[in-house]
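Numbering-wise (numbering that gives the first Met the number 0), the sequence shown opens with residue 0 and increments by one.
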Amino acid sequence: MTINRLLITGAGGALGKVARAHYQGKFPHLRLSDRVELEPAGDGEEIVQCDLIERERVERMLEGVDAVIHFGGQPTEADWDTVINSNLIGAINLFEAARKGGAERVIFASSNHAIGMHARANIIDHTCEPRPDTRYGLSKAFGEDLGRLYAYKYSIRSMNIRIGSCFPKPFDARSLASWLSFRDLCQLLDIGLAAAYQHEIIYGVSNNPESWWDNSNAERLGYKPQDTAEDYRAEVEHLTFDDPVGEALQGGMFGAEEFSGDLKTLV
Ligand code: 15L
């Protein structure tokens, strides 16, 4: 299926803006949504201001959409009500509207916090058990499973990118392992929009030798990361957390906040 109209949700967020710039002019129609006001539409762009909790508006927004990049929702840890509304109900509304609207594929911006309670000592791949480190991380694991329902029951191709730390450059010692450059993010999104698959989990991480994530599933689909956190090692390697739990966990301080468990159970 060729893509006539691509929808990017959360288009006003940091990564939504990267995707908007990357896909400008690449498809006949680029629909951009957020609950906050967006920069005015350029050539070929359509702006829809919409909160994902509003089911009927989300359904209208998905009309005529072939593919979705779903960045919308709560991007960090929050209280249960916020996570439930933005990331559970919001994601359900999105997938259900995609089904009713006939979308062919949904790329879901999952997060490393879906697996953040895995110890850094362990290398994991796309088949590992989810181990959310937060309510936020749990909502991302839920989104991945939601994708399974829609992939295998309703034939929507569902690509789940467990994004590490996607910023202009690494900013602390942890991100020497977890960093994803904007350029490599765009390559992963391109793969999500073009490859043949039903439901996949891949890691959103650059070519970082320190990474805890075996990303062979992304490589199998054609991913060749162009950037590496190693280029920034000298700038950031001394910036560790003053917290043994945060230092032991892949999710860092996300898992360390509110932690009352036993580190020994995590290895
Ligand atoms: C995420 O999921 C967050 O959205 C982002 O702000 C970072 O904190 C990132 O994870 C990370 O783990 O560095």
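All residues carry an ideal CB built from backbone N, CA and C; glycine is no exception.
Continuous alpha helix (DSSP H) stretch holding residue i: start and end
i	result
M252	252-255
Residue i - DSSP class collapsed to helix/strand/coil
i	result
H237	coil
R4	strand
I201	strand
L61	coil
H117	coil
D226	coil
D80	helix
L248	strand
F258	coil
Bridge partner(s) assigned by DSSP for residue i
i	result
H69	T8, F107
W212	I123
H28	R4
D242	In the DSSP output, where bridge partners are listed per residue, D242 has none listed.
D33	Q48
Range of the contiguous beta strand (DSSP E) that encloses residue i
i	result
V47	44-48
Task: At least 3 beta-carbon pairs within less than 8 Å: the stretch 106-116 vs the stretch 166-174 - done: no
Open item on the list: Contact between the stretch 89-107 and the stretch 116-135 is defined here as three or more beta-carbon pairs at a separation below 8 Å; is this criterion met?
Closed with: no
Task: Minimum length 4: unbroken alpha helix (DSSP H) runs contained in the stretch 128-205 - done: 134-153, 174-177, 181-193
- [ ] Answer yes if the stretch 83-96 comes into contact with the stretch 36-43, meaning at least three C-beta pairs across the two stretches below 8 Å, and no otherwise.
- [x] no
Open item on the list: For the pair the stretch 193-207 and the stretch 230-241, tell me if three or more CB-CB distances fall below 8 Å.
Closed with: no
TODO: Mind the definition here: the stretch 60-70 touches the stretch 2-15 only if three or more C-beta pairs lie below 8 Å; say whether that holds.
DONE: yes
TODO: Report yes or no: do three or more beta-carbon pairs, one from the stretch 121-131 and one from the stretch 89-102, lie closer than 8 Å?
DONE: no
TODO: Could you say if the stretch 17-25 and the stretch 181-189 meet the contact criterion of at least three C-beta pairs nearer than 8 Å?
DONE: yes
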